[in-house]
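So the structure is just underneath, and the comments pick up after that.
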Amino acid sequence: MDTVFDPAQFGDIPLGSRLVMSGMTRQRADAEGAPTETMTTYYSQRAAAGLIIAESTHPSWTGKNQPGSPHMITDADEQAWKQVVDAVHDNGGTIVLQLMHAGGNAHPTVNGDRTPVAPSDVIPTETIRVGADMLPHARPQALTQAGMREVIDDFAQAARRAMAAGFDGVEIHAGNGFLLHQFLSPQTNTRIDQYGGTPQDRCRFPIAVIDALTEAIGAARVGLRISPGASVTSLHELDLLTQYGQLLAQPEVQDLAYLHTTSTSAPEIIEQMRLLWHGRWIHNMGTDPTTPASEVLARATSTLARGADAVSLGRLFIANPDLPRRLATNATLATPDFTTFYTGGTRGYTDYTPLETETTS
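Residue numbers for the sequence shown follow our numbering, beginning at 27 and rising by one.
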């Protein structure tokens with residue numbers, strides 16, 4: 027059996043090991059959504075990950091939901107991301123860009139006062155977190171077919187820009203209550219046209235986005251993130267196996283480089299997902315950041331034994347830039363400072379020390 031330290035190939039995306047750094051919003055982009063030099067440092071420090079999934083990045087201003095979240099819209103965005111990618115590659119790493127449109131969870135206070143768009147004009151919750159504040163949820167506008175075409179084109183253009191910037195691939199975020207996930211839920215998708223009403227029709231728009239990206243950059247460079255039944259959102263889903271079975275059965279999905287599932291989904295659903303999915307599979311472990319290295323490694327090994335091809339970790343990579351080495355040597359793991367996750371600046375971002383610095387200081 028492969029170990030977590032063995033390399034792998036997911037489509038055209040090479041992995042140095044089976045330890046993947048999951049995409050995590052950190053709100054360090056500039057006011058125009060371009061990555062900063064601090065972000066370049068942050069990602070290059072973590073190049074020892076088998077694969078870095080760069081944080082949720084918006085293909086359009088309309089899809090923006092947080093201050094300081096990055097874009098891939100303009101030439102300036104592309105050039106700034108190229109600095110990040112080059113730094114990761116120079117340190118021997120592999121990196122893909124997670125593309126995310128927040129849909130009805132976008133907010134006018136951060137998206138240039140644009141009205142959010144969604145499958146339907148449904149407000150899933152009364153309030154939503156925007157930065158450090160809880161604000162009233164803005165009522166979204168239901169997407170017209172012309173509007174859907176524009177969103178699809180934005181995704182495809184962002185993917186092309188990602189490849190021009192040197193990324194090894196892209197990950198489509200279809201989970202966590204964002205736009206593509208909203209189409210899959212009868213709570214937020216109340217459409218009565220060909221994009222809603224049945225599990226098959228609710229899949230139609232996400233599949234159209236997948237089709238556009240595979241045409242733009244090739245299926246072997248595209249991964250898909252889903253969170254069926256995830257407890258992290260207020261979005262309600264019905265008959266998960268039927269809905270996600272319909273999604274995963276599509277040949278466009280089966281051809282992708284990998285599927286990425288989340289730890290916040292019901293465990294029994296994840297087990298069934300593996301029966302439906304026949305390609306490369308990354309599963310997020312959702313490990314408590316105070317867990318000792320030996321236990322993290324044991325859980326990762328167990329996840330591979332149950333059929334995953336790689337495991338993704340989030341907060342442990344925040345506090346441990348050299349996490350694979352720490353797991354390999356059973357070293358003490360640093361604990362992340364939660365108060366700095368979304369504050370901007372370098373504190374709690376690029377000031378976590380690697381193992382050799384700790385042992386010689």
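Built from N, CA and C at the ideal position, the CB exists for glycine as well. Quantities reported herein were computed from a predicted structural model and do not represent experimental measurements.
Among the options, the one whose alpha carbon lies nearest that of residue i
| i | options | result |
| --- | --- | --- |
| residue 290 | 269, 128 and 251 | 251 |
| residue 41 | 51, 59 and 74 | 74 |
| residue 34 | 368, 334 and 192 | 334 |
| residue 37 | 307, 346, 355 and 187 | 307 |
| residue 182 | 367, 85, 92 and 137 | 85 |
| residue 46 | 342, 138, 285 and 336 | 336 |
| residue 287 | 311, 194, 98 and 140 | 311 |
| residue 283 | 141, 236 and 49 | 236 |
| residue 109 | 188, 280, 245 and 365 | 188 |
| residue 123 | 216, 49, 156 and 31 | 49 |
| residue 244 | 342, 151, 196 and 275 | 196 |
| residue 30 | 375, 381 and 328 | 328 |
Proximity of residue i and residue j at Cβ, strictly below 8 Å
| i | j | result |
| --- | --- | --- |
| residue 198 | residue 120 | no |
| residue 44 | residue 330 | yes |
| residue 165 | residue 154 | no |
| residue 207 | residue 253 | yes |
| residue 174 | residue 231 | yes |
| residue 204 | residue 128 | yes |
| residue 378 | residue 356 | no |
| residue 169 | residue 156 | no |
Between the CA atoms of residue j and residue i - distance to the nearest angstrom
| i | j | result |
| --- | --- | --- |
| residue 190 | residue 248 | 15 Å |
| residue 94 | residue 83 | 10 Å |
| residue 267 | residue 255 | 10 Å |
| residue 313 | residue 339 | 7 Å |
| residue 281 | residue 194 | 17 Å |
Buried/exposed call for residue i, threshold 16 Cβ in 10 Å
| i | result |
| --- | --- |
| residue 386 | Because residue 386 carries a pLDDT of 46, less than 50, the predicted location of this residue cannot be relied on, and the following value inherits that uncertainty. Exposed, because fewer than 16 other Cβ atoms sit within 10 Å of the Cβ of residue 386. |
| residue 65 | buried |
| residue 294 | exposed |
| residue 348 | buried |
Interface flag, residue i vs chain B, CB-CB below 8 Å
| i | result |
| --- | --- |
| residue 111 | Considering every chain present, this structure includes no chain B. It has just one protein chain. |
Item to complete: May I ask you to verify whether the region 207-217 touches the region 259-277, counting CB pairs closer than 8 Å and requiring at least 3?
Response: Yes, the region 207-217 touches the region 259-277.
Worksheet item: Taking three-plus beta-carbon pairs below 8 Å as touching, is the region 297-315 in contact with the region 215-228?
Response: Counting C-beta pairs closer than 8 Å gives fewer than three between the region 297-315 and the region 215-228, which falls short of the contact rule.
Item to complete: Specify whether the region 106-117 and the region 127-135 touch according to this definition: at least 3 beta carbon pairs, one from each stretch, less than 8 Å apart.
Response: At 8 Å Cβ cutoff, the stretches do not touch.
Worksheet item: Are at least three pairs of beta-carbons, each pair with one atom in the region 315-324 and one in the region 47-55, less than 8 Å apart?
Response: With a cut-off of 8 Å on Cβ pairs, the region 315-324 is not in contact with the region 47-55, counting fewer than three such pairs.
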